[in-house]
Every structure is written in structure tokens, then in C-alpha cells.
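Enquirer: In terms of this note's numbering, the sequence shown opens at residue 1 and continues consecutively.
I have a structure here, written as C-alpha cells, and I will follow up with some questions on it.
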Amino acid sequence: MIKGQSKKESGFSKPSVLEREFQATVIEMAKAFGWECFYIPDSAKAGAVGRPKGWPDLTLCHPVMRILIFAELKSDSRDSQPSTDQEKWLTILVNCGENVQLWRPAMWDHIEKVLQGPAERTLLALDRSDVGRWMR
Ligand SMILES: [Mg+2]
Numbered sequence: 001m002i003k004g005q006s007k008k009e010s011g012f013s014k015p016s017v018l019e020r021e022f023q024a025t026v027i028e029m030a031k032a033f034g035w036e037c038f039y040i041p042d043s044a045k046a047g048a049v050g051r052p053k054g055w056p057d058l059t060l061c062h063p064v065m066r067i068l069i070f071a072e073l074k075s076d077s078r079d080s081q082p083s084t085d086q087e088k089w090l091t092i093l094v095n096c097g098e099n100v101q102l103w104r105p106a107m108w109d110h111i112e113k114v115l116q117g118p119a120e121r122t123l124l125a126l127d128r129s130d131v132g133r134w135m136r
């Protein structure tokens with residue numbers, strides 16, 4: 001948990017604005033709700049391990065709900081926008097029909113709904129009308 005922040009009913013606190021801490025909290029909560037998570041801790045070294053530059057931070061798969069999500073994480077700062085490489089991959093994945101999300105700490109309530117389920121609520125959150133959120 002992040003220091004100085006209160007826990008919500010789920011037991012997870014809204015993370016700080018630092019992307020590294022935000023990612024750690026999202027991963028922790030995702031695993032607690034049964035998601036399998038693929039991520040590379042230091043994205044700057046992604047090329048060295050085979051992940052293309054700009055690939056989303058998190059690949060999340062829920063084996064029970066059968067949902068796959070690609071999530072790019074950004075801080076709440078206005079300056080924190082997807083890079084050109086990130087925009088390329090987010091667009092490719094959206095065009096392939098995948099669930100692509102751009103998540104920021106300010107969107108914590110939305111993220112909790114997506115990760116917690118139940119399935120009906122999760123599917124609503126992942127409705128196609130929501131997929132373009134990352135472009136805002
Ligand atoms: Mg990121």
C-alpha cells in the first residue's frame with residue numbers, strides 16, 4: 001500500500017502519481033482478482049528482452065472471465081502522453097479488436113471496476129465505446 005493514503009473497500013488504495021508505483025499497485029490488485037499479468041519492470045530495457053518499443057505496459061488475462069486487456073499506464077500529468085511508438089501499438093491493437101486501455105491514477109475507480117468484476121460490470125467497462133479512452 002502507498003503511505004498516507006486510505007484503503008477503499010477493496011483493500012487497495014489509490015496509488016501515487018508516480019507511474020512505477022501506479023503500475024505496482026495495478027499489478028497487485030489485478031493478481032488479487034485472478035488476473036494473469038505480463039509486464040517488463042523496466043520498459044527502457046524492453047528492446048533487450050524482445051518487447052517492441054512502445055508495447056503497452058501491461059498485458060492482463062483473466063482465465064475465468066476470459067478477458068484480455070492491453071493497458072498503457074501514464075501518470076496524471078498533462079505531459080504524460082503516449083509516445084509515438086506507444087500510439088502506434090495502441091492503434092494496431094485497437095484495430096485488431098483488442099481491449100486497449102490508457103489508465104491513469106485519476107481513473108482508479110474505473111480501473112477497480114474493470115479488475116474486480118463481476119463479469120457483467122467488467123464487460124460494461126470494456127464496452128467498445130470505452131476502448132478509445134487512451135486517445136483523450
Ligand atoms: Mg507507461
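Each residue gets a CB set at the ideal place from its N, CA and C atoms; glycine is no exception.
#1: Is residue 55 helix, strand or coil by DSSP?
#2: So the alpha helix (DSSP H) residue 64 belongs to, where does it begin and stop?
#3: Using DSSP's beta-bridge definition, name the partner residues of residue 71.
#4: Please list, in chain order, all residues of the same chain as residue 106 whose beta carbon is under 7 Å from its beta carbon, the five residues on each side excluded.
#5: Taking the C-alpha atoms as reference points, what is the distance between residue 88 and residue 54?
#6: What is the DSSP secondary structure of residue 111, reduced to helix, strand or coil?
#7: How about residue 86 and residue 72: do their beta carbons lie closer than 8 Å?
#8: Going by DSSP, what residue range makes up the beta strand (DSSP E) through residue 38?
#9: Please list, in chain order, all residues of the same chain as residue 68 whose beta carbon is under 6 Å from its beta carbon, the five residues on each side excluded.
#10: Do residue 74 and ligand 1 come close, with the Cβ less than 7 Å from some heavy atom?
#11: Should residue 32 go down as buried or exposed, given a rule of 16 or more other Cβ atoms within 10 Å for buried?
Expert: In terms of the structure at hand:
#1: Here residue 55 refers to the residue found at position 55 of the sequence shown. Coil, per DSSP.
#2: On the sequence shown, position 64 is the one that residue 64 refers to. Looking at the DSSP string, residue 64 is not in any alpha helix (DSSP H), and its letter there is neither H nor E.
#3: To locate residue 71, count along the sequence shown from 1; it is residue 71. Residue 71 is bridged to 58, 101.
#4: What you label residue 106 is simply residue 106 of the sequence shown in a count that begins at 1. Contacts found: 76.
#5: Taking the sequence shown and counting its residues from 1, the one referred to as residue 88 is at position 88. Taking the sequence shown and counting its residues from 1, the one referred to as residue 54 is at position 54. So the alpha carbons of these two residues sit roughly 7 Å apart.
#6: For the purposes of this step, residue 111 is taken as the residue at position 111 of the sequence shown. Three-state DSSP puts residue 111 in a helix.
#7: As a working mapping, residue 86 is identified with position 86 in the sequence shown. As a working mapping, residue 72 is identified with position 72 in the sequence shown. Contact flag set, yes.
#8: Residue mapping note: residue 38 aligns to position 38 of the sequence shown, counting from 1. Counting along the chain, the beta strand (DSSP E) containing residue 38 begins and ends at 36 to 38.
#9: Looking up residue 68 in the sequence shown gives position 68. Excluding residues within five positions, the ones whose Cβ falls inside 6 Å are 61.
#10: Working through the sequence shown from its first residue, we reach residue 74 at position 74. True, at least one ligand heavy atom lies under 7 Å from that Cβ.
#11: In the sequence shown, the residue the question calls residue 32 occupies position 32. Around the Cβ of residue 32, a 10 Å sphere holds fewer than 16 other Cβ atoms; the residue is exposed.
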